[in-house]
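Colleague: Pasting in a structure now, in structure tokens, and then I'll have a few things to ask.
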Amino acid sequence: MSGRYQAKLILLFIYLRVNNSKVASRIAQAKTNFQKMKTVLTNKNISIRTRRRALECYIEPILMYGCEAWTISKQTQKKLEATEMWFLRRMLRISWTAKKTNDTVLEEAHTTRLLISKIRKRQATFFGHVMRREKLENLVTTGMLEGKRSRGKQREKLIEGLTDWLKAGKSLEAIEATKDRKKWRTMIANAVKQGT
175 MSGRYQAKLI LLFIYLRVNN SKVASRIAQA KTNFQKMKTV LTNKNISIRT RRRALECYIE
235 PILMYGCEAW TISKQTQKKL EATEMWFLRR MLRISWTAKK TNDTVLEEAH TTRLLISKIR
295 KRQATFFGHV MRREKLENLV TTGMLEGKRS RGKQREKLIE GLTDWLKAGK SLEAIEATKD
355 RKKWRTMIAN AVKQGT
């Protein structure tokens, strides 16, 4: 070996990129995999319960991969909810021209909207885990790093979305609640029961 190495500059690293294109990419990958399993997921000879379970086991993990680091804006939430309904409509073979409301589709599928709640639960669990550590991850997750703020509208932080979902009041109260594992788990369970 000559000892010379050439480094390649990579502008985007796919693993935990946390912008809207990441969510769009996850949605596209989940829809692609849904289409690959279409024969099973849309088969009327298989019970709706079994097909929903297959959706939860094989498609949702693809969609939710890395969701612990997402900041979910209202626009992103609408996209995710639309994707959830897209899955159910395809599973029930409801044409896009059929004028059925989302509530009717949910009723036919014997389910409720669960995707956002599952994502928030994963985020809260991950956040609690990180906050119980006394390391740099703590500062990064809460956004309390030193330095100058960038110009323009500030990005929404993960903790802001979680405190709204958990109805924890201020973000400092949520941070303190993470120190007590039982209290944090109770807060998450209550938020999941109440829905999104």
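Residue numbering for the sequence shown follows this note's numbering, starting at 175 and increasing by one per position. All C-beta atoms, glycine included, are put in the ideal place defined by N, C-alpha and C. Since this is a predicted model, take the numbers as computed values, not measurements.
(1) Can at least three beta-carbon pairs, one atom from the stretch 265-285 and one from the stretch 293-300, be found at a separation below 8 Å?
(2) Give me, in chain order, the residues of the same chain whose beta-carbon lies closer than 6 Å to that of R294; leave out the 5 immediate sequence neighbours on both sides.
(3) DSSP state of Y239, grouped into three classes?
(4) Using CA atoms only, rank isn't needed, just tell me which of M361, L288, Q180 and A228 is closest to K215.
(5) How would you label E230, buried or exposed, when you count the other beta carbons within 10 angstroms and need 16 or more for buried?
(6) Please classify R223: is it buried, with 16 or more other beta-carbons within 10 angstroms of its beta-carbon, or exposed?
(7) Given a threshold of 16 other Cβ atoms within 10 Å of its Cβ, counted over all protein chains shown, does A351 qualify as buried or as exposed?
(8) Output needed for K341: all residues of its chain with C-beta closer than 6 Å, excluding positions within five of it in sequence on either side, in chain order.
(9) Could you tell me whether the Cβ atoms of E242 and R296 are closer together than 8 Å?
(10) Over what stretch of residues does the alpha helix (DSSP H) that includes Y291 continue unbroken?
(11) Between W244, I236 and T213, which lies nearest to G335 when the distance is taken from Cα to Cα?
Modeller: Short version:
(1) Counting Cβ pairs under 8 Å, fewer than three are found: no touch.
(2) Only W339 meet the Cβ criterion.
(3) Residue state, collapsed to three classes: coil.
(4) Note on residue identity: the sequence assigns Leu, not Lys, to residue 215. Of M361, L288, Q180 and A228, the residue nearest in Cα terms is A228.
(5) Exposed, since its Cβ has fewer than 16 Cβ neighbours within 10 Å.
(6) Result: exposed.
(7) Buried: at least 16 other Cβ atoms inside 10 Å.
(8) Short of 6 Å from the beta carbon of K341, and not among the five residues preceding or following it, lies no beta carbon of its own chain.
(9) Cβ atoms of E242 and R296: closer than 8 Å.
(10) Residue identity differs from the one stated: residue 291 is Ser in this sequence, not Tyr. Taken as a continuous stretch (DSSP letters only), the alpha helix (DSSP H) holding S291 covers L289 to M305.
(11) Selection W244, I236 and T213 evaluated against G335 yields W244 as nearest (Cα-Cα).
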